[in-house]
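Mapping of the sequence shown onto mature numbering (1 follows the signal peptide of the UniProt record, and there is no 0): residues -47 to -1, 1 to 417, in sequence order.
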Amino acid sequence: MIRKRTRTRGGGGTPARGRLRAALGATTTALLTVTALAALPQTTAHAAGTLGAAAAEQGRYFGAAVAANHLGEAQYAATLDREFNSVTPENEMKWDAVEPSRGSFSFSRADQIVDHARGKGMKVRGHTLVWHSQLPGWVSGLGASDLRSAMNNHITQVMTHYKGDIHSWDVVNEAFQDGGSGARRSSPFQDRLGDGFIEEAFRTARATDPAAKLCYNDYNTDGVNAKSNAVYNMVKDFKSRGVPIDCVGFQSHFNPNSPVPSDYRANLQRFADLGVDVQITELDIEGSGQAQATNYGNVVRACLAVSRCTGITVWGIPDKYSWRSSGTPLLFDDNYNKKPAYDAALSALGGTPGEDPEEPGEPGEPGACTAAYTTAEQWSGGYNGKVTITAGSTAISSWSVNLTIASSQQVVSVWNGSPSTNGNVMTVRSTWNGSLAPGASTSFGFTVNGGTTPAPQVGTCTAS
Ligand code: XIL
């Protein structure tokens, strides 16, 4: 049985949660004074000092694979929260973790990661729905028609549980063979359902969560070769037939036997030219020192050179927790010191190594934020408003925004924020959702009675 998530912290927010009365200006007859007409970003004078902030300035995310069992380690969580604005659960969303026996779903470890990330305003990549590996034995034992319904049910249940939380899903992972054949890899799905299983998985995924980007993800497809050609032809075919696919993930696990290909950028670009986003999904590069740093810089520059390369995820935080720890393939050493590879990645993103406004003891500038208003719902007598707060290039720990409401209107509830009022002006301050990674967003909502116009006026966002 699926257990629908009950969130302790309201990512989606409903008027029912934490009703706070903030009736405003009910007796005032003065006309509304129009203040700021739009969100006013505050500017920061210096280049970004973290991976997430620097990537955000390039319109990208910079993520890390995260393991739930390390989140309790203070330095692990601090490094994650400071540097990254996207996470991928390393193992916790795989089939064996979430549906170990048929129809019995267990989301608690993955929820831990999603709740941590969402609480910090980070994005989450979903990994992965249909894969031959880390697949429980019961799946491989099914006949074709049972397997088809088990696959579709798995996709539906898992995506429904995380609906609204996941920006991109790896719908199908590693379905092609290595080597020159360009053939599909043997797997229970391929062997019993044939080539059509991939398309079916994507159609089921789209029907379940139309807002999530749907990716095909694989390795050894980073340069132009027989395997990437086979994936390319599949994506081209999907696009031409209207099979829903939005992105292709390039795992990018590199080592001396499988170095960063010289045509990496060109390969990303040819996929982008098919009309899909591309993402670097599991980056790690074995090595050390300057050689490793140069490779990391090259990978980041390749992504930035492709406008549809929307983000980079490294496959872990410190080397000691890498799945290939002996190759020291990550950006932080075992003590969470930044390696030369970190500096290279950050400079390639346009950030400034050495400058870290979030490091304790450093003066640092106050963070900046922006606030943007949308009407979420409206009816004859009122509306629900939503204000999205986005941190600037440094992390922030609290925010506050002024909203000017027409005197004919009353705010009857506010959620995911703490209101106080002064005449027609309502100030909403962060509660649990004050802490935002660079470039990360959160939102608060409110219900207004007394008509639908004029819309509230949003003042400047103030952060600390
Ligand atoms: C790896 C994890 O990092 C390991 O902890 C686990 O034991 C095996 O899987 N391709 C993928 C990832 O898509 O899910 C894999 O992650 C690495 C290769």
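Note that beta-carbon positions come from the ideal geometry of N, C-alpha and C, so glycine has one too. These figures come from a predicted structure and were not determined experimentally.
Compute the beta-carbon to beta-carbon distance between residue i and residue j, rounded to the nearest angstrom, for a pair I have assumed lies under 8 Å.
i: Y326; j: A408; result: 7 Å
i: I233; j: S205; result: 5 Å
i: M104; j: A50; result: No, M104 and A50 are not in contact; Cβ-Cβ is about 16 Å, not under 8 Å.
i: A7; j: G303; result: 6 Å
i: A416; j: W352; result: 5 Å
i: E45; j: A21; result: 5 Å
i: F37; j: A359; result: Going by Cβ atoms, the distance from F37 to A359 rounds to 41 Å, so no, they are not a contact pair.
i: V124; j: L88; result: Incorrect: roughly 15 Å between the Cβ atoms, too far for contact.
i: T113; j: T161; result: 6 Å
i: T305; j: A(-1); result: 4 Å
i: P209; j: R159; result: Not confirmed; about 40 Å, so no contact.
i: V188; j: V201; result: 6 Å
i: Y217; j: V184; result: The pair is not a contact, with the Cβ atoms about 15 Å apart (cut-off 8 Å).
i: A219; j: V177; result: 7 Å
i: Y336; j: T405; result: 5 Å
i: L283; j: K291; result: Not a contact, Cβ separation roughly 11 Å.
i: A297; j: A258; result: Contact flag wrong, Cβ pair sits at about 16 Å.
Judging by CA-CA distance, which residue of the options is the nearest neighbour of residue i?
i: K76; options: T266, N355 and D171; result: T266
i: D175; options: V231, S39 and R35; result: V231
i: G398; options: T415, L389 and L356; result: L356
i: T323; options: P271, Y336, T347 and N337; result: T347
i: N186; options: Y249, A136 and S278; result: A136
i: C256; options: P282, R223, G370 and A244; result: R223
i: G117; options: A103, L100, A164 and Q243; result: A164
i: I238; options: V381, G16 and R277; result: R277
i: S396; options: S98, S61, G74 and R138; result: G74
i: Y172; options: L221, A160 and D190; result: L221
i: W48; options: A344, H80 and A17; result: H80
i: H85; options: S360, E36, V367 and R145; result: R145
i: V364; options: A329, G269 and G403; result: G403
i: residue 419; options: Y14, L4, S59 and S394; result: The structure shown does not extend to residue 419, since the chain spans only -47 to 417, so no value can be given for it.
i: Y14; options: C414, T400, S394 and V184; result: S394
i: V367; options: S361, S39 and M379; result: M379
i: F58; options: V67, V111, A17 and L24; result: V111
i: S93; options: S140, A17 and I108; result: S140
i: G2; options: T328, F150, S300 and K180; result: S300
i: V229; options: F203, N248, K180 and Y274; result: F203
Locate the beta strand (DSSP E) running through residue i, then write down its first and last residues.
i: F37; result: From DSSP, F37 is part of no beta strand (DSSP E); its letter is neither H nor E.
i: L82; result: K76 to V83
i: G202; result: C200 to F203
i: V411; result: Q410 to A416
Can you say whether residue i is buried or exposed, counting buried as having 16 or more other CB atoms within 10 angstroms of its CB?
i: G132; result: exposed
i: S260; result: exposed
i: A27; result: exposed
i: G(-36); result: Unreliable positioning characterises G(-36) in this predicted model, as indicated by a pLDDT of 36, which lies under 50. The coordinate reading is nonetheless provided below. Counting Cβ neighbours within 10 Å, G(-36) comes out exposed, since fewer than 16 surround it.
i: S215; result: exposed
i: R194; result: exposed
i: D287; result: exposed
i: N170; result: buried
i: S383; result: buried
i: E127; result: buried
i: L236; result: buried
i: A70; result: buried
i: T(-21); result: Only weak support exists for where T(-21) lies, its pLDDT of 33 falling under 50; the coordinates are left without a value.
i: V411; result: buried
i: T157; result: buried
i: M(-47); result: Residue placement at M(-47) is poorly supported in this model, since its pLDDT is 39, which falls under 50; the coordinates still yield a value, given next. Exposed, because fewer than 16 other Cβ atoms sit within 10 Å of the Cβ of M(-47).
i: A97; result: exposed
i: W122; result: buried
i: P271; result: buried
i: S54; result: exposed
i: V401; result: buried
i: N375; result: exposed
i: W385; result: exposed
i: D190; result: exposed
So the alpha helix (DSSP H) residue i belongs to, where does it begin and stop?
i: Y185; result: A179 to R194
i: F155; result: G149 to T161
i: A18; result: Premise fails: A18 lies in the beta strand (DSSP E), Y14 to V19, not in any alpha helix (DSSP H).
i: L4; result: L4 to E10
i: D64; result: S61 to G72
i: D175; result: Premise fails: D175 is in no alpha helix (DSSP H) and is neither H nor E.
i: A50; result: W48 to V51
i: V92; result: G90 to S93
With a threshold of 7 Å between beta carbons, is residue i in contact with chain D?
i: N220; result: Considering every chain present, this structure includes no chain D. It has just one protein chain.
- request: Taking only runs that begin and end inside the stretch 218 to 244, name each unbroken beta strand (DSSP E) of 3 or more residues, in chain order.
  value: If only uninterrupted beta strand (DSSP E) runs of at least 3 residues are considered, those enclosed by the stretch 218 to 244 are 230 to 238.
- prompt: Which runs of the beta strand (DSSP E), 3 residues or longer, sit entirely within the stretch 313 to 401?
  reply: The qualifying runs are 322 to 332, 335 to 344, 352 to 357, 363 to 368, 371 to 375 and 378 to 382.
field: Contiguous alpha helix (DSSP H) assignments of at least 4 residues, all confined to the stretch 253 to 319
entry: Runs of the alpha helix (DSSP H) spanning 4 or more residues and lying entirely within the stretch 253 to 319 occur at 293 to 301, in chain order.
message: Report the start-end ranges of each beta strand (DSSP E) in the stretch 103 to 147 that is 3 residues or longer and not cut off at the edges.
response: Counting only runs of at least 3 residues, the stretch 103 to 147 fully encloses the following beta strand (DSSP E) elements, listed from N- to C-terminal order: 121 to 126.
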